[in-house]
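Below you'll find the structure, written out as structure tokens, and then a few comments.
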Amino acid sequence: MQGEVYPFRRPPRPAAALSAGVSADEERAVELWNEFSQRFGQPLLMLAAPLIALATRLLFPARGYTFAEHLTINLYVLGLQTLLVTPVFALASFGAAVFASAYTLCLILILAYFVWVIRQTLAERWWTAILGGMVAVVVAGISYMALVLPIFLLFARVKGVAVV
826 MQGEVYPFRR PPRPAAALSA GVSADEERAV ELWNEFSQRF GQPLLMLAAP LIALATRLLF
886 PARGYTFAEH LTINLYVLGL QTLLVTPVFA LASFGAAVFA SAYTLCLILI LAYFVWVIRQ
946 TLAERWWTAI LGGMVAVVVA GISYMALVLP IFLLFARVKG VAVV
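989 is the number that this note's numbering gives the last residue of the sequence shown; the numbers go up by one with no jumps.
Okay, structure coming up:
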């Protein structure tokens, strides 16, 4: 243990310092997920745009937009999402409660903007925009996790940690 370098995570805490009800294996899994997210999060996040474009293409075929047009619309929304979320992370230094409140508000604004864009471009009625937007986000999220989880499990295996 002496002289071991921890480039992406803190050194392990002694068992007495663990949070109540959290095992050392659970804490190691969380640390491994954080390392995985730091190293591969941005490239893997790029998978979200085509997945949500596919979801909106399947949910809103009536207007006749191609997949490329759906991808363009969703990339525009994701770009605005990045602009909205970036300053929120600066609020993390003010404490977890402030960050959580600001991040929740930001997510609500992003979802509302996404629904508005869908209404303006893809849906003919508000209720279809709201329902379709929610379904598109859920479908894309589940698809994204279905792609990312096996990659994370492979990463954990390479690191020599049995997560499941």
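Don't be surprised by glycine CBs; every beta carbon is placed ideally from N, CA and C.
Cut-off 7 angstroms between Cβ atoms - residues of its own chain near residue i, not counting five sequence neighbours on either side
i	result
I935	Q906, L909
M826	Bear in mind that a pLDDT of 48 at M826, under 50, signals an unreliable position, so the number given afterwards is only what the model happens to contain. Same-chain partners within the cutoff: there are none.
Cβ pair residue i, residue j closer than 9 angstroms
i	j	result
L947	F885	yes
Y969	L883	no
L978	V988	yes
V913	Y928	yes
Buried or exposed by the 16-neighbour rule on C-beta atoms within 10 Å, applied to residue i
i	result
F861	buried
A981	buried
V902	buried
Residues of its chain near residue i, where Cβ-Cβ distance is below 8 angstroms and the 5 sequence neighbours each way are ignored
i	result
V986	R853, A854, L857
L896	A874, P875, A878
T881	H895, I898, N899, I943, L947, G957, A961
Other residues of its chain near residue i: CB distance less than 6 angstroms, five sequence neighbours each side excluded
i	result
A917	F924
L869	V973
Extent of the continuous alpha helix (DSSP H) run through residue i
i	result
A921	921 to 946
A893	892 to 915
R864	849 to 870
A987	Element bounds for A987: n/a, residue is neither H nor E.
Cβ separation of residue i and residue j, assumed to be a contact under 8 angstroms, to the nearest whole Å
i	j	result
V940	A954	5 angstroms
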